[in-house]
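Below is one structure, written out as structure tokens, with a few remarks after it.
2 protein chains.
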Amino acid sequence: MNFDSIFNSAQEAFLFYKNLPGTEKGAFLDTMADVLESHRSEIVPLAVKESNLPEGRINGELGRTTGQIRLFANLVKEGSWVEATIDPALPDRTPLPRADIRRFLTPLGPVVVFGASNFPLAFSTAGGDTISALAAGCPVIYKAHPAHPETSRKVADCIHQAILKCGLPSALFTHVEGGIAEGQALVKHPLAKAVAFTGSHAGGMALFHLANQRENPIPVYAEMGSVNPIFTFPHKLEKENQALAKAFISSLTLGVGQFCTNPGLIFVPEAQAKAFENAVAAELKDIAVAPMLHPGIAQAYYDSIQFLESREELRWVKVADPKHLINGSTAMAEIKAADWLKDTLFQKEVFGAFAMMVVYQSEDELLEIAQHLHGQLTITVWAEAEELQNQLFLVNLLEEKCGRLLFKGVPTGVEVGYAMQHGGPFPSTTAPNSTSVGAHAIKRFARPIAFQDMPQELLPDALRDGNPLGIWRMVNGNLEK
Amino acid sequence: MNFDSIFNSAQEAFLFYKNLPGTEKGAFLDTMADVLESHRSEIVPLAVKESNLPEGRINGELGRTTGQIRLFANLVKEGSWVEATIDPALPDRTPLPRADIRRFLTPLGPVVVFGASNFPLAFSTAGGDTISALAAGCPVIYKAHPAHPETSRKVADCIHQAILKCGLPSALFTHVEGGIAEGQALVKHPLAKAVAFTGSHAGGMALFHLANQRENPIPVYAEMGSVNPIFTFPHKLEKENQALAKAFISSLTLGVGQFCTNPGLIFVPEAQAKAFENAVAAELKDIAVAPMLHPGIAQAYYDSIQFLESREELRWVKVADPKHLINGSTAMAEIKAADWLKDTLFQKEVFGAFAMMVVYQSEDELLEIAQHLHGQLTITVWAEAEELQNQLFLVNLLEEKCGRLLFKGVPTGVEVGYAMQHGGPFPSTTAPNSTSVGAHAIKRFARPIAFQDMPQELLPDALRDGNPLGIWRMVNGNLEK
Numbered sequence: 001m002n003f004d005s006i007f008n009s010a011q012e013a014f015l016f017y018k019n020l021p022g023t024e025k026g027a028f029l030d031t032m033a034d035v036l037e038s039h040r041s042e043i044v045p046l047a048v049k050e051s052n053l054p055e056g057r058i059n060g061e062l063g064r065t066t067g068q069i070r071l072f073a074n075l076v077k078e079g080s081w082v083e084a085t086i087d088p089a090l091p092d093r094t095p096l097p098r099a100d101i102r103r104f105l106t107p108l109g110p111v112v113v114f115g116a117s118n119f120p121l122a123f124s125t126a127g128g129d130t131i132s133a134l135a136a137g138c139p140v141i142y143k144a145h146p147a148h149p150e151t152s153r154k155v156a157d158c159i160h161q162a163i164l165k166c167g168l169p170s171a172l173f174t175h176v177e178g179g180i181a182e183g184q185a186l187v188k189h190p191l192a193k194a195v196a197f198t199g200s201h202a203g204g205m206a207l208f209h210l211a212n213q214r215e216n217p218i219p220v221y222a223e224m225g226s227v228n229p230i231f232t233f234p235h236k237l238e239k240e241n242q243a244l245a246k247a248f249i250s251s252l253t254l255g256v257g258q259f260c261t262n263p264g265l266i267f268v269p270e271a272q273a274k275a276f277e278n279a280v281a282a283e284l285k286d287i288a289v290a291p292m293l294h295p296g297i298a299q300a301y302y303d304s305i306q307f308l309e310s311r312e313e314l315r316w317v318k319v320a321d322p323k324h325l326i327n328g329s330t331a332m333a334e335i336k337a338a339d340w341l342k343d344t345l346f347q348k349e350v351f352g353a354f355a356m357m358v359v360y361q362s363e364d365e366l367l368e369i370a371q372h373l374h375g376q377l378t379i380t381v382w383a384e385a386e387e388l389q390n391q392l393f394l395v396n397l398l399e400e401k402c403g404r405l406l407f408k409g410v411p412t413g414v415e416v417g418y419a420m421q422h423g424g425p426f427p428s429t430t431a432p433n434s435t436s437v438g439a440h441a442i443k444r445f446a447r448p449i450a451f452q453d454m455p456q457e458l459l460p461d462a463l464r465d466g467n468p469l470g471i472w473r474m475v476n477g478n479l480e481k
Numbered sequence: 001m002n003f004d005s006i007f008n009s010a011q012e013a014f015l016f017y018k019n020l021p022g023t024e025k026g027a028f029l030d031t032m033a034d035v036l037e038s039h040r041s042e043i044v045p046l047a048v049k050e051s052n053l054p055e056g057r058i059n060g061e062l063g064r065t066t067g068q069i070r071l072f073a074n075l076v077k078e079g080s081w082v083e084a085t086i087d088p089a090l091p092d093r094t095p096l097p098r099a100d101i102r103r104f105l106t107p108l109g110p111v112v113v114f115g116a117s118n119f120p121l122a123f124s125t126a127g128g129d130t131i132s133a134l135a136a137g138c139p140v141i142y143k144a145h146p147a148h149p150e151t152s153r154k155v156a157d158c159i160h161q162a163i164l165k166c167g168l169p170s171a172l173f174t175h176v177e178g179g180i181a182e183g184q185a186l187v188k189h190p191l192a193k194a195v196a197f198t199g200s201h202a203g204g205m206a207l208f209h210l211a212n213q214r215e216n217p218i219p220v221y222a223e224m225g226s227v228n229p230i231f232t233f234p235h236k237l238e239k240e241n242q243a244l245a246k247a248f249i250s251s252l253t254l255g256v257g258q259f260c261t262n263p264g265l266i267f268v269p270e271a272q273a274k275a276f277e278n279a280v281a282a283e284l285k286d287i288a289v290a291p292m293l294h295p296g297i298a299q300a301y302y303d304s305i306q307f308l309e310s311r312e313e314l315r316w317v318k319v320a321d322p323k324h325l326i327n328g329s330t331a332m333a334e335i336k337a338a339d340w341l342k343d344t345l346f347q348k349e350v351f352g353a354f355a356m357m358v359v360y361q362s363e364d365e366l367l368e369i370a371q372h373l374h375g376q377l378t379i380t381v382w383a384e385a386e387e388l389q390n391q392l393f394l395v396n397l398l399e400e401k402c403g404r405l406l407f408k409g410v411p412t413g414v415e416v417g418y419a420m421q422h423g424g425p426f427p428s429t430t431a432p433n434s435t436s437v438g439a440h441a442i443k444r445f446a447r448p449i450a451f452q453d454m455p456q457e458l459l460p461d462a463l464r465d466g467n468p469l470g471i472w473r474m475v476n477g478n479l480e481k
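As they're listed, the protein sequences go chains A and B.
For the first sequence, counting from 1, position 385 maps to 385 in UniProt numbering; every step adds exactly one.
For the second sequence, counting from 1, position 95 maps to 95 in UniProt numbering; every step adds exactly one.
Below, the structure written as structure tokens:
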């Protein structure tokens, strides 16, 4: 397994591609979105077959995929994302003159992207990681997820059609199939400059440690999921018991619970617990079993549930029913907060439609919970306005534990926009200062460089006098266009 | 050695301090700069005594220190650094409404800062790392450098005077003395959220690996120095032989060569090598020996030189003369590019006034050198405008290898401004996507968080409707104020 020629070609492509104007990079991404759309009728059935996800979901996911491609296309066509910063020379400054210094974000080089099983399109071959890397100016060496090989090959074909149409080097994107050994070899290659991954904690941590032990360590942007707790308060639950139970169960069971932002943990006040449990149980009755992504995931889900069933602290509201091992059947258990606090095992993500309902007795207990809580992609607070006013300190604590804090709705259904933060403190990710969804995701694949007294004709357009790109730039500390 | 109470207090201080308005954080920093200025007559003699650096330099360094404190004070008083981004709700969007999502940068929590021996003020107790962390909203647990304990205590006193004057919690800054074991214990503490370090490669890498092996890994911003090569071209050297030799030697020997940006490597074309060597030798005659920071550094310097003297590829232009072990005596050796390319040992930094002059024969050799070169804080190109036009590909390659690329002047003397980038690809730093000098240094100590449908009264001012802080914000993808 030698990836030298792949990386050498990618590096060569990089040295050309990085200097192309944003308008050309954006046109390439737009072309890719067009090609994907025009192959919808071929892609969708493949992805449905390989993921067991319903056609409606896959159709939506393709729309989301091309939507985020166009978001990044617009971002790089507009161009201000490079954070151009200019401190002009001050030749007459005393005691020493100041040189002309200009800084912007430059792409890292070839990066390795790992596909995710639960989003065969939006977080896979032409998914957010690949696209934000290409938008930044980085060639992508893509390690296909073995759960959907045909879908992946088809999408890779579309990417190469777009590359061809735009006259770009084909090494901008390389599709690699294989297992763990291939993935490790890619991460270890000396020319790799960063790694993006969405998947399990074990997988993410293995890549993280591998990359840190390289002779030249590289960043690993691993999004490893979380349990996404919901904190509920008495008045809110009393007023909206039925609606909240419905919203919770609908979010928990969406896509058979196979989302990173799936709410696997809910904190409920003791006085309202019984009513909420009844409402939840009623909702659960209508939830049909549905096939999970692949038998391995279903097996892991039932193994985790079975393990939890041996814990006497848990009282089961609904027990999972593994009729056929590919099917995901919803499960839910109740536990006292005092017991939950005793073992961090109860914070471990069970990938699938399982939730733990933690019954708390006091606000002091809630503060203890917040302090005890591991890092999360999201935390949701369901409270009436007036009871929120008494929880400012709790909200302050919860901010430390998540990347996104919600006060309405459910954590599933991550918007792709400018303000989205999909990331969070460890162990939800290995890089809490980054996001894998939304416009800011592009920053993961760039680093700042400063040019000192560089001749105008050599400067990148983003930093030239007269602002030929018409982008936002900070000049002498002031933003201007 | 138990730092629990220090970190617990810092965490408590953090939960209060992070929510203070930028104007109050800025006022605190301004007060600190005032207190330091008012103690100049006590600080300067201590630092001179403990660093062996001349009084003029230390006086200048104190000015630089208070200057950068005021830069960060202004940055947080102005407030736009938090990158406020708002995607307002779209309740009527189909098929699904969009929630209100607002994102900004929030401080990480308590951070550990290590002082540097070569800047007893500007990169130490109240230096750039401490100040950018406090500006971001993070309490600092500061590990004093054992080379200047009295200076460090005095500056820590000034910081605490400022804390007291502003009525802030004293745990915002904690001064810790000790050795390697204490430093390691700080980095391993569960409540530590990031580490900043300026120093040796060995020291930085030890902290990097320690932090990555924590149960919850944290980022290490280690600036570990580099050899900062200068690439010279024939016409430029012919025209300015004398002036360039003078500039080079003056930069090489500034502060007895004890700068991270010290130019320890210079590439010279064969035809001009002899004349340049003569000019350099003439300059070197006037350079007096001067004491280094401390005997340990002088010892390491002479050990490295002695080791290199055993290498037959090197021809010595000036041999170091260790009359008294504390003194730094300049040394310089010449080597053929073909030999230099054979051993990466010749890229290793020798901390002190040592430079290697590498004689190249062709432009092809230069490209090979650029490819072979390790990551650097800076690279300098000395070329005439017309010969630069033939080196576009080389310049393109060099961009991949550094954080700052200069076309005039010398790499020493790092400006503290908005556009400065003091960082670079590994092994010059462990975090090429960050800078330890200049306004952007604050970003190291913050991470993004998004609030979804948060009630107005709970939102931080930076994200409220009506923009009460009057800062730059991105709303629906457009920057506005």
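Idealized CB from N, CA, C, for every residue including glycine.
In this text the structure is predicted, and so the values were computed from the model without any measurement.
Reducing DSSP to helix, strand and coil, say where L405 of chain B ends up. strand
Starting from D87 of chain A, follow its DSSP beta bridges and name the residues at the other end. By DSSP's assignment, D87 of chain A forms a beta bridge with A:I101.
Along the chain, where does the alpha helix (DSSP H) that runs through E24 of chain A open and close? 22–38
Chain-ordered neighbours of V395 of chain B on chain A, where CB pairs are closer than 7 Å: L458
Could you tell me whether the Cβ of A441 of chain B comes closer than 8 Å to any Cβ of chain A? no
Hey, is P234 of chain A's beta-carbon within less than 8 Å of any beta-carbon in chain B? no
So, is the C-beta of W472 of chain A closer than 8 Å to a C-beta in chain B? yes
Which stretch, first to last residue, makes up the beta strand (DSSP E) that contains N478 of chain A? 478–480
Is it right to say N476 of chain A is buried, meaning 16 or more other beta carbons lie within 10 angstroms of its own, or is it exposed? exposed
Quick check: what's the CA-CA separation for I249 of chain A versus Y221 of chain A? 30 Å
Under a CB-based cut-off of 8 Å, is A33 of chain A close to chain B? No, because no Cβ of chain B sits closer than 8 Å to the Cβ of A33 of chain A.
What does a CB cutoff of less than 6 Å around H189 of chain A pick up in its chain, not counting 5 residues either side in sequence? Short of 6 Å from the beta carbon of H189 of chain A, and not among the five residues preceding or following it, lie these beta carbons of its own chain, in chain order: F3, F7.
As a quick exercise: from A:A10, A:V35, A:E61, pick the residue whose alpha carbon is nearest that of A47 of chain A. A:E61
Are H424 of chain A and G403 of chain A touching if we call contact CB-CB under 8 Å? The amino acid occupying residue 424 of chain A in the given sequence is Gly; His does not appear at that position. For the pair G424 of chain A and G403 of chain A, the CB atoms are nearer than the 8 Å cut-off.
Counting only Cβ-Cβ distances shorter than 8 Å, please list the residues of the stretch 42–54 of chain B near chain A, keeping chain order. none
Looking at the structure shown, is F123 of chain B part of a helix, part of a strand, or coil, going by DSSP? coil
Counting only Cβ-Cβ distances shorter than 7 Å, please list the residues of the stretch 118–145 of chain A near chain B, keeping chain order. none
Is the beta carbon of V289 of chain A sitting closer than 8 Å to the one on G328 of chain A? yes
What would DSSP say about G328 of chain B, mapped onto helix, strand or coil? strand
Residues near M332 of chain B in its chain [Cβ-Cβ closer than 6 Å; skip 5 each side]: V317, K318, A355
Residues bridged to K318 of chain B (per DSSP): B:M332
Could you work out which residue in B:A136, B:Q161, B:G438 is closest to T65 of chain B when comparing CA atoms only? B:G438
Hey, P229 of chain B and L388 of chain B: beta-carbon distance below 8 Å or not? Judged by beta-carbon spacing, L388 of chain B lies beyond the 8 Å limit of P229 of chain B, meaning their Cβ atoms are not closer than that value.
Spell out a yes or no on whether the stretch 109–117 of chain B and the stretch 65–84 of chain B are touching, meaning 3 or more CB-CB pairs, one atom from each, closer than 8 Å. no
My understanding is that L207 of chain B touches V176 of chain B, with C-beta atoms under 8 Å, so please give their C-beta distance in whole angstroms. Their Cβ separation, rounded to whole angstroms, is 15 Å, which puts L207 of chain B and V176 of chain B out of contact at 8 Å.
Proximal residues of chain C, C-beta to C-beta of K401 of chain A below 8 Å: Looking at the structure shown, chain C is missing, and the protein chains on hand are A and B.
Every unbroken beta strand (DSSP E) inside the stretch 203–246 of chain A [3 residues or more]: For the stretch 203–246 of chain A, whole beta strand (DSSP E) runs of length 3 or above, ordered along the chain, are 220–223, 230–232.
Does the beta carbon of P427 of chain A come closer than 8 Å to any beta carbon on chain B? yes
Going along chain A, which residues have a C-beta under 7 Å from T85 of chain B? Y418, A419
Checking 8 Å against the spacing of the C-beta atoms, do T151 of chain A and I43 of chain A come in under that value? yes
Strictly by DSSP, which residues pair up with R447 of chain B? The beta-bridge partner set that DSSP reports for R447 of chain B consists of B:T106.
Who are the neighbours of G409 of chain A on chain B, taking C-beta pairs under 8 Å? A99, Q452, D453
What three-state label does DSSP hand Q258 of chain B in the structure shown? coil
Using a Cβ-Cβ cutoff of less than 7 Å, which residues in the same chain neighbour L210 of chain A once the five nearest sequence positions on both sides are dropped? Q184, V187, K188
Candidates A:A281, A:F426, A:A147, A:L134: closest to H160 of chain A by CA position: Nearest option by C-alpha distance: A:L134.
Bridge partner(s) assigned by DSSP for R473 of chain A: A:E480
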